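Just so you know, the sequences run in chain order A and B.
The numbering used here numbers the first residue of the first sequence as 32 and each following residue consecutively.
The numbering used here numbers the first residue of the second sequence as 32 and each following residue consecutively.
Protein chains: 2
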Amino acid sequence: MPLAASPAAAAIMTALVTAGPQSRVALARRLGLSSAAITKAARPLIDDGYLRELGATERTGPGAGRPASPLAVRPEREYFAGIKLTGDELIGVVCDLTATVRVVEHRPLRSADVEHVVGEIAAMTRDLAGWGARRLGLAVSGDVDRSSGLVRYSPFLRWHDITLGKLVASATGLTVTVENDVKALTTAEHWFGEGAGADSFALVTVGSGIGCGLVVNGRPVSGSHGVAGEIGHLGVDPAGPDCHCGSRGCVEAIAGTEPIAAAARAATGRADLSIDDAYALARAGNAGVAAVFARAGEAIGLGIAAVANLVGPARIVVSGEGLAAYDLFEPHIRAGFERQAFGAAAEIPLSIRPLPFEEWARGAAAVSIQSRLVPLA
Amino acid sequence: MPLAASPAAAAIMTALVTAGPQSRVALARRLGLSSAAITKAARPLIDDGYLRELGATERTGPGAGRPASPLAVRPEREYFAGIKLTGDELIGVVCDLTATVRVVEHRPLRSADVEHVVGEIAAMTRDLAGWGARRLGLAVSGDVDRSSGLVRYSPFLRWHDITLGKLVASATGLTVTVENDVKALTTAEHWFGEGAGADSFALVTVGSGIGCGLVVNGRPVSGSHGVAGEIGHLGVDPAGPDCHCGSRGCVEAIAGTEPIAAAARAATGRADLSIDDAYALARAGNAGVAAVFARAGEAIGLGIAAVANLVGPARIVVSGEGLAAYDLFEPHIRAGFERQAFGAAAEIPLSIRPLPFEEWARGAAAVSIQSRLVPLA
DNA sequence: ATCAATACTTGACGAAGTTAATTAATGGTC
DNA sequence: GACCATTAATTAACTTCGTCAAGTATTGAT
Numbered sequence: 032m033p034l035a036a037s038p039a040a041a042a043i044m045t046a047l048v049t050a051g052p053q054s055r056v057a058l059a060r061r062l063g064l065s066s067a068a069i070t071k072a073a074r075p076l077i078d079d080g081y082l083r084e085l086g087a088t089e090r091t092g093p094g095a096g097r098p099a100s101p102l103a104v105r106p107e108r109e110y111f112a113g114i115k116l117t118g119d120e121l122i123g124v125v126c127d128l129t130a131t132v133r134v135v136e137h138r139p140l141r142s143a144d145v146e147h148v149v150g151e152i153a154a155m156t157r158d159l160a161g162w163g164a165r166r167l168g169l170a171v172s173g174d175v176d177r178s179s180g181l182v183r184y185s186p187f188l189r190w191h192d193i194t195l196g197k198l199v200a201s202a203t204g205l206t207v208t209v210e211n212d213v214k215a216l217t218t219a220e221h222w223f224g225e226g227a228g229a230d231s232f233a234l235v236t237v238g239s240g241i242g243c244g245l246v247v248n249g250r251p252v253s254g255s256h257g258v259a260g261e262i263g264h265l266g267v268d269p270a271g272p273d274c275h276c277g278s279r280g281c282v283e284a285i286a287g288t289e290p291i292a293a294a295a296r297a298a299t300g301r302a303d304l305s306i307d308d309a310y311a312l313a314r315a316g317n318a319g320v321a322a323v324f325a326r327a328g329e330a331i332g333l334g335i336a337a338v339a340n341l342v343g344p345a346r347i348v349v350s351g352e353g354l355a356a357y358d359l360f361e362p363h364i365r366a367g368f369e370r371q372a373f374g375a376a377a378e379i380p381l382s383i384r385p386l387p388f389e390e391w392a393r394g395a396a397a398v399s400i401q402s403r404l405v406p407l408a
Numbered sequence: 032m033p034l035a036a037s038p039a040a041a042a043i044m045t046a047l048v049t050a051g052p053q054s055r056v057a058l059a060r061r062l063g064l065s066s067a068a069i070t071k072a073a074r075p076l077i078d079d080g081y082l083r084e085l086g087a088t089e090r091t092g093p094g095a096g097r098p099a100s101p102l103a104v105r106p107e108r109e110y111f112a113g114i115k116l117t118g119d120e121l122i123g124v125v126c127d128l129t130a131t132v133r134v135v136e137h138r139p140l141r142s143a144d145v146e147h148v149v150g151e152i153a154a155m156t157r158d159l160a161g162w163g164a165r166r167l168g169l170a171v172s173g174d175v176d177r178s179s180g181l182v183r184y185s186p187f188l189r190w191h192d193i194t195l196g197k198l199v200a201s202a203t204g205l206t207v208t209v210e211n212d213v214k215a216l217t218t219a220e221h222w223f224g225e226g227a228g229a230d231s232f233a234l235v236t237v238g239s240g241i242g243c244g245l246v247v248n249g250r251p252v253s254g255s256h257g258v259a260g261e262i263g264h265l266g267v268d269p270a271g272p273d274c275h276c277g278s279r280g281c282v283e284a285i286a287g288t289e290p291i292a293a294a295a296r297a298a299t300g301r302a303d304l305s306i307d308d309a310y311a312l313a314r315a316g317n318a319g320v321a322a323v324f325a326r327a328g329e330a331i332g333l334g335i336a337a338v339a340n341l342v343g344p345a346r347i348v349v350s351g352e353g354l355a356a357y358d359l360f361e362p363h364i365r366a367g368f369e370r371q372a373f374g375a376a377a378e379i380p381l382s383i384r385p386l387p388f389e390e391w392a393r394g395a396a397a398v399s400i401q402s403r404l405v406p407l408a
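Put into structure tokens, the structure is as follows:
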């Protein structure tokens with residue numbers, strides 16, 4: 032395993048993967064090492080095909096010296112598989128070292144039975160075997176212990192204490208990483224997306240639940256009792272609707288998919304209204320339903336402002352399947368955020384955009400890449 | 032400077048200072064080093080008087096081997112001064128290496144003029160010079176850049192961009208550290224108080240403002256734009272009172288000292304009611320005023336629950352001069368917290384207790400100790 | 001051609017850790 | 001009471017991983 036050959040090698044790979052091609056001198060400055068150390072650590076990586084030198088010599092200043100020959104990752108040197116598990120489907124991808132998706136595959140799940148799911152995962156990896164991936168990341172919603180590969184509890188799959196990592200490892204022969212889906216997506220955005228280079232970062236997902244992944248001081252936040260990023264259960268309105276958590280006025284009780292549909296049904300008096308009907312009505316100009324989305328967006332904005340005020344991330348990305356109604360939400364999310372964000376927190380850049388669903392599987396692959404580059408993180 | 036002789040030496044000192052006396056083997060496990068490394072790094076520390084060996088050999092298990100001779104810090108080896116600046120007073124302490132306060136001194140400030148304040152600080156350090164402290168920590172409320180010793184803005188002192196660290200250093204000849212007061216107190220509690228040993232920790236201060244210091248993954252949270260821990264400006268009630276920040280229903284607009292007094296005045300119809308009068312009335316059973324405190328405590332509890340849900344610290348300490356009304360607040364803080372804390376977050380231990388005012392100065396000294404033990408943190 | 005400037009490489013060295021063997025101090029066993 | 005298992009601490013040889021200082025490479029400007 033030449034990658035983990037030295038601490039410096041891991042640091043070099045990580046820097047190049049997350050920040051793009053750079054000269055040895057630039058790497059040395061970034062990593063706080065001497066350029067000699069970079070030269071030495073980089074050589075075996077070049078020899079092994081993980082890195083290559085770009086002849087591409089950009090113009091340096093006027094009285095220039097020897098031009099730099101930047102180092103760059105060879106993305107195709109190694110491939111990684113990633114699978115996102117939902118209650119009724121597997122979404123699988125193969126990514127290269129820079130987390131660029133090379134293939135996507137969907138596979139329906141007939142049941143959430145553990146053996147069936149493990150079997151389907153194994154079948155999917157056989158389909159993807161042509162890429163030669165030796166590592167596989169799995170993303171599951173719920174309470175997951177990454178270090179042991181244990182799924183403590185997963186609501187959609189109705190799993191309790193499933194040693195998913197071990198089961199899939201022995202079924203596939205791959206090195207398996209299991210991570211919570213929101214954390215995996217957060218990792219992907221932090222390393223390879225809009226959060227790249229940020230020391231702190233937050234990703235908010237909007238859907239049936241409202242979740243949040245956090246990176247602070249460059250490290251993911253896990254919560255000492257396993258709870259973190261529960262933006263959905265911040266209380267923003269004591270007069271708000273009851274929440275399944277036992278409190279009332281939670282962000283999720285106002286802006287979750289089902290509460291929105293319920294409020295839209297109440298506003299229209301139509302008991303059969305689906306969430307898609309609600310989208311359509313709001314877009315058609317139904318004021319009552321539009322107000323439901325406005326209130327929901329505002330609640331999400333307040334939740335995001337809470338993140339901004341408490342941890343002050345450098346960037347915040349908002350996404351999730353709920354943003355299918357992107358156009359209905361966006362201005363109200365921004366309004367709620369801007370009203371409640373305190374002082375300089377209001378200047379935190381907010382990216383609100385739907386992500387393709389494969390992005391979740393890419394998140395799983397990103398965790399696998401990370402586990403390869405940073406043996407212990 | 033023998034303390035920073037090696038990384039291991041700094042780690043050993045830090046572990047012993049924060050977690051108490053331990054055998055070399057225990058230190059090795061805790062720090063992830065070999066016991067040989069501990070032996071080597073500890074010797075110069077013993078020779079220099081920073082550490083001593085406790086003969087005190089606790090009973091190990093049944094079939095015991097050689098008894099351990101734990102290492103312990105010699106607290107009196109080095110002393111540290113700490114001064115908390117308020118708008119009208121300096122509070123100074125001298126602490127030993129384990130942050131035990133040895134002397135306290137108060138000194139009124141006639142003005143917030145920078146030269147006057149620096150002069151008074153210098154005079155105070157001369158009073159405390161007998162202890163031989165070579166380092167001084169300063170705690171100031173407001174926006175402070177610790178690395179440069181710059182006070183960017185301090186509301187109570189009405190300071191803008193004062194290079195306090197340099198000014199005091201040249202006036203006293205000491206090595207000076209400047210830190211925000213809440214962060215300093217958080218550091219003190221994290222290293223030497225109830226947060227000792229916790230990987231993540233939160234300190235909530237209740238007073239004219241509501242603040243929060245955060246430690247996540249063992250490191251303080253600063254916020255990329257300078258904002259963090261602004262628990263006072265979480266929005267908890269859209270129908271709540273207007274806040275000076277421009278929004279409404281903020282925790283601080285409900286539970287800050289002045290809003291409480293205002294609400295008590297409104298409840299009683301007495302325009303001259305002070306906050307102390309309000310305490311007295313509530314304790315005497317005035318239902319209207321008691322309800323004001325109940326609402327305030329509840330709002331604080333909601334804010335704390337937000338911290339718990341988002342970052343999940345291992346412990347939370349609540350203090351501040353507002354807790355003079357400890358008995359009026361406490362049950363309502365707990366009620367708000369328990370209602371809104373999600374899942375396992377409700378099990379985070381909450382310590383609600385007034386801290387003596389000298390504690391803020393001890394915080395300043397703690398930052399100074401920390402800067403001695405961890406050259407770069 | 002020469003020089004200043006910048007990038008990279010090389011090899012000697014040193015800091016700070018490791019492992020493995022050794023010494024130290026204890027309780028239990030026959 | 002000799003012996004042994006057990007745990008703690010030390011020691012010495014070695015490894016790893018970096019730095020430093022000197023030298024090489026490649027450019028633009030004079």
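Even for Gly, the Cβ is constructed at its ideal location relative to N, Cα and C.
Since the structure is predicted, the reported quantities are computational estimates derived from the model, not experimental observations.
query, result
"Proximity test, Cβ basis, 8 Å: D307 of chain B and chain A", "no"
"Ranges of the beta strand (DSSP E) found wholly within the stretch 165 to 224 of chain A, counting only runs of at least 3", "166 to 171, 174 to 176, 181 to 185, 190 to 193 and 206 to 211"
"Of the listed residues A:F373, A:A292 and A:R384, nearest to Y357 of chain A (C-alpha basis)", "A:R384"
"Partner residues on chain B for I379 of chain A, Cβ-Cβ distance less than 7 Å", "H256"
"Beta-carbon proximity of G224 of chain B to L245 of chain B, cut-off 8 Å", "no"
"Complete runs of the beta strand (DSSP E) confined to the stretch 43 to 118 of chain A [at least 3 residues]", "82 to 84, 102 to 104 and 111 to 116"
"Within 9 Å of chain B by C-beta, residues of the stretch 353 to 374 of chain A in sequence order", "G367, R370, Q371, A372, F373 and G374"
"Where the beta strand (DSSP E) containing V348 of chain B begins and where it ends", "R346 to S350"
"Touching by the beta-carbon criterion (3+ pairs, under 8 Å), the stretch 213 to 222 of chain A and the stretch 302 to 309 of chain B", "no"
"N- and C-terminal bounds of the beta strand (DSSP E) containing S382 of chain B", "L381 to I383"
"Host alpha helix (DSSP H) of I152 of chain A (start-end)", "V145 to D158"
"Among A:P362, A:S278 and A:A337, nearest to V235 of chain A - alpha-carbon criterion", "A:A337"
"Anticipated Cβ contact below 8 Å, L58 of chain A with A46 of chain A, distance rounded", "6 Å"
"Residues from the stretch 259 to 272 of chain A in contact with chain B, defined by Cβ distance under 7 Å", "A259, G260, E261, I262, H264, L265, G266, V267, D268, P269 and A270"
"Contact between the stretch 172 to 183 of chain A and the stretch 200 to 212 of chain A (3+ Cβ pairs under 8 Å)", "yes"
"Cross-chain neighbours of S278 of chain B in chain A, by beta carbon under 8 Å", "R370 and Q371"
"Chain B residues whose Cβ lies nearer than 7 Å to that of S231 of chain A", "S255"
"Touching by the beta-carbon criterion (3+ pairs, under 8 Å), the stretch 185 to 195 of chain A and the stretch 110 to 123 of chain A", "yes"
"Whole-number beta carbon distance between L169 of chain A and L205 of chain A, since they are thought to touch under 8 Å", "Not a contact, Cβ separation roughly 10 Å."
"Residue-level contact to chain B via CB, P387 of chain A, 8 Å cutoff", "no"
"Segment limits, alpha helix (DSSP H) that includes I285 of chain A", "V282 to A286"
"Exposure of R403 of chain B, with buried meaning 16 or more beta-carbon neighbours within 10 Å", "buried"
"Ranges of the alpha helix (DSSP H) found wholly within the stretch 314 to 346 of chain A, counting only runs of at least 4", "318 to 342"
"Reduced DSSP secondary structure (H/G/I, E/B, other) of E252 of chain B", "Note that residue 252 of chain B corresponds to Val in the displayed sequence, not to Glu. Looking at V252 of chain B - three-state DSSP - the assignment turns out to be coil, as it is neither helix nor strand."
"Min CB distance R189 of chain A to chain B below 8 Å", "no"
"Cβ contact (3+ pairs, closer than 8 Å) linking the stretch 287 to 296 of chain A and the stretch 385 to 403 of chain B", "no"
"Of the residues A:L76, A:W162 and A:C281, the one placed nearest L265 of chain A, counting alpha carbons only", "A:C281"
"P106 of chain B vs T131 of chain B beta-carbon contact at 8 Å", "yes"
"V252 of chain B: contacting residues in chain A (beta-carbon distance under 9 Å)", "S231, V247, N248, L341, V342 and G343"
"Within chain A, partners of L333 of chain B - CB distance below 8 Å", "G266"
"Interfacial residues, the stretch 319 to 332 of chain A to chain B, with Cβ spacing under 7 Å", "none"
"Presumed contact (8 Å Cβ cut-off) between V56 of chain A and L82 of chain A, rounded CB distance", "Their Cβ separation, rounded to whole angstroms, is 15 Å, which puts V56 of chain A and L82 of chain A out of contact at 8 Å."
"G96 of chain B to M44 of chain B span [Cα, whole Å]", "26 Å"
"Partner residues on chain B for A376 of chain A, Cβ-Cβ distance less than 8 Å", "G254, H256, V258 and E261"
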